[in-house]
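Below you'll find the structure, written out as structure tokens, and then a few comments.
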Amino acid sequence: MTARKQARPMALTREGRDTLWLLAMLALTIAPHVGRLPWWCLAGTATALGWRAWLAVKDGPLPPRWVLLLALVLSVASTMITFQSLLGRAAGVTLVTLLAGLKTLELRARRDAFVVTSLGFFLILTQFLHDQGPLTAVLMAVALTGLLASLVLAQRPLGRPPIQTAVREACRALGWGLPLALVLYLFFPRLGPLWSLPSDAMARTGLSDRMELGHVAELAQDDTIAMRVRFDGPVPPPRSLYFRGPVLDLFDGRQWRSLPDEAPQRWHPTMAPAGEPSAWRYTLALEPQTLRNLPLLDGTTEARVTAPDPGIPLRRTGPEWSLTRPRKERLTFAAEAQARWQPLVQEGDPLLQTWVALPEGHAARTIAWARLFQSQQKLASDDTGAVVQALLRHIRTAGFRYTLAPGVDAPDANGRLPDPIDAFWLDRQAGFCEHFSAAFVVVMRALDIPARVVTGFQGAERNPVDGWYEVRNRDAHAWAEVWWPHRGWVRVDPTAAVAPDRVERPRRLVEPAAGQAPGTLARMAPDWVRQARAGLDAARHRWNTWVQGYNRQSQLELLERAGFETPDTEDLLRVVGTALALGSLVGVGWLMWQRPRHRTSQRQRALRNTARCLTRAGLPLPPGSPPHPSPLTWARALEERLGGATSMTLEERRATVALAEHLAVLDALHYGAEACPPAEWRHAMRTLREHARAWQRARRPSRAPDRSTPDPRGDAAH
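Read in my numbering, the sequence shown has 52 at position 69, and its numbers run on one by one without any break.
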């Protein structure tokens, strides 16, 4: 033996193992919230789960009650300080996460396990307030199965059932409930929400009806998908992929905003040049947003909603399209855009004065520069085309630079910040599309030329898996519109003068790190990563269309295909009621069929079969025994019978001994530590029947005449 003994690892107790499993499933339900919760919430929850896991491994005592009360008070106070409320999506999820973590620190009985599991189920529901995609659904299905397995373990307090068995039972329960869930999903009427969450729970895209310098640059870092587009026929060239959003007409020196009620403008399309189609027909799937403005392709003349409700009305104001009220669900449109179009405004329209107005005391240096530039270039105010070309040429040659990180303007000696337009146009000369468009519009207005800022998206990337074009929030863009006499509004993108790749070959706008060439990370990404991402995006789109997009109209169409004429909500309720009634009848029938099996266990059936076999062979029931004695009780009764018999034949004695020995073997199989395999048990029962028949034959009296007894008929004959 060695002098030093190696310490053997301590085996987990049943309670410790089940607790660790429940903690792991709870951590799985919280994991997707990691990027959304405050740091102190993550730290507190991780501490609570880690502490409870350590106690489960060491089988240590739980913390005192005053520690939990203090942690509860701190959690509520921190949530209130951070969110200024206990209501709303963010505050509610934060508080529930903390409470679930703290509840594990008093996990000592089955009742506590049920409470923690219920909190886990609720946390699963909170995931779908943020994301309802296929990956979230799969992950939460795994978490749901794990929590159901925890319930199975809690319902089996005796012994040490394997976790694999509990998971198998959880999957079986989910399988039994899946048909009912499918019926409810297909036919249960889609009703309006019975309650609503605060505004922080509403999904949104990045566009806004207001713009302050720096807002669009923040959107360029957002990689989430804003909408998907599929063209029915020719695809527009990249320079025409402008998706028009809110139009910003008013400027107060710091912020641009839209007109509250803009007067309608007439639509004035022109003929398309040779080689270009006259129109582009497309389908657009728009993610949920909070604005009424619809970012449709610039030049859209016709549009209608196709899903979820074709009756949703649209409002058109000149080239802009909007909803009558914001919609929080995903919308699908069928639209048509003109390849060459111009919205026309009459020259005497009073709104033209709005589009040349500038706030007093703002952008003074830029306004003075514009007038000096006009005199030096000898530009006439009525020659709008010459002014536009001169300004674009100035942007290309004056050292302007395109960047997502232009820096922060330093205050002057008096602590006042410089005017943002002056700082960009005359000092820094580096900025993002919003800087170029806003400064360009200010210069045009300083020259008494009507101009305005248009926001939206520019560019799209084709998904090679499903052929849809994806427009992400980082494709957000801002450009200018200039009013030309006799032509109307003309799109001018000053950003293209300094960054033509932004328009001609749209690239993902991510600011490279210092010393790194633009696009390096994109080139380093292997093809399989890009292909996998495209596949996930395509799968998500199909999920949105087929699963999340399944609405009341889809339900009614399904009933029509099933043979219903003009179906309505009552028909849906009838189908659901019929399905529930049939399911209930099937369930009751199955329980009735399974009732004898549940009433009589396998061991009881074995004892009953043994007693039936022996009583049929003629062996009486042992006195004082139950109706179905154990095989060993029968064996002892045979041994007593063997010892008290004096006139038993040798054959009967041998049959009795063999039957008693086999009953002893049968008892060992019946009450063994491990369950007897069914095949071995059937073989043992066949052998028992053979021994019982042999014992029965041995007990029958012999039919041969006994020579020791005189034959009365012989004596009489004699």
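We put the CB at the ideal spot given by N, CA and C, even for glycine.
In terms of CA proximity to E417, A459 leads the group L400, Q357 and A459. In the pairwise beta carbon analysis, the region 533 to 546 is classified as not touching the region 132 to 140: fewer than three pairs are separated by under 8 Å.
The alpha-carbon separation between H345 and W304 amounts to approximately 32 Å.
Residue state for A340 is assigned as coil, using DSSP reduced to three classes. Within the same chain, Cβ atoms closer than 8 Å to the Cβ of K86 are found at D95, V98, V99 and L102, the five residues on either side in sequence being excluded.
For Y385 and R222, the gap between their C-alpha atoms comes out near 18 Å. For secondary structure counted as the alpha helix (DSSP H) over 4 or more consecutive residues, the region 85 to 119 holds these complete runs in sequence order: 93 to 110. For R193, the closest alpha carbon among the candidates P243, S630, P172 and G216 is that of P243.
For the pair P603 and W617, the CB atoms are not nearer than the 8 Å cut-off.
Judged by DSSP in its simplified three-state form, T289 adopts strand. Across the structure, D551 and D520 are spaced so that their CA atoms are roughly 35 Å apart. Boundaries around H377 are those of the alpha helix (DSSP H), T367 to T380, since no beta strand (DSSP E) includes it. R624 and C596 have their alpha carbons spaced roughly 18 Å apart. With a 10 Å radius around the Cβ and a threshold of 16 neighbouring Cβ atoms, V230 comes out buried. Secondary structure of P661 (DSSP, three-state): helix. In the three-state reduction of the DSSP assignment, T283 falls in the strand class. Shown here, W451 sits in coil according to DSSP, grouped into three states, outside any helix or strand. Only residues of its own chain outside the window of five on either side were considered, and among them G566 have a CB closer than 8 Å to the CB of P162, listed in chain order.
With 16 or more neighbouring CB atoms inside 10 Å of its own CB, T62 falls in the buried class. Judged by beta-carbon spacing, F440 lies beyond the 8 Å limit of L341, meaning their Cβ atoms are not closer than that value.
Exposed is the label assigned to A564, since fewer than 16 other Cβ atoms lie within 10 Å of its Cβ.
Counting only the Cα atoms, D476 lies some 10 Å from V465. Only exposed fits A14, as fewer than 16 other CB atoms lie within 10 angstroms of its CB.
DSSP, read as helix, strand or coil, puts V50 in helix. At a Cβ-Cβ threshold of 8 Å, R470 and D206 do not count as neighbours. I146 is positioned such that its CB atom lies no closer than 8 Å to that of A126. Looking from the CA of H524, the closest CA among Y452, D650 and G(-1) belongs to Y452. For G75, DSSP assigns no beta-bridge partner whatsoever.
With distances taken between CA atoms, K41 lies nearest to G(-1) out of W573, G(-1), W239 and F419. In this structure, V339 lies near R428, with their beta-carbon atoms less than 8 Å apart. By the 16-neighbour rule on beta-carbons within 10 angstroms, V530 is exposed. Nearest Cα to G71 within the set H113, G33 and R435: H113. Inter-segment contact for the region 265 to 273 and the region 303 to 317 is present: three or more beta-carbon pairs are separated by less than 8 Å. An exposed status is given to I64, since fewer than 16 other beta-carbon atoms sit within 10 Å of its beta-carbon.
Contact annotation, T367 with I432: C-beta distance approximately 6 Å; criterion of less than 8 Å satisfied. Secondary structure at M427: helix, using DSSP grouped into helix, strand and coil.
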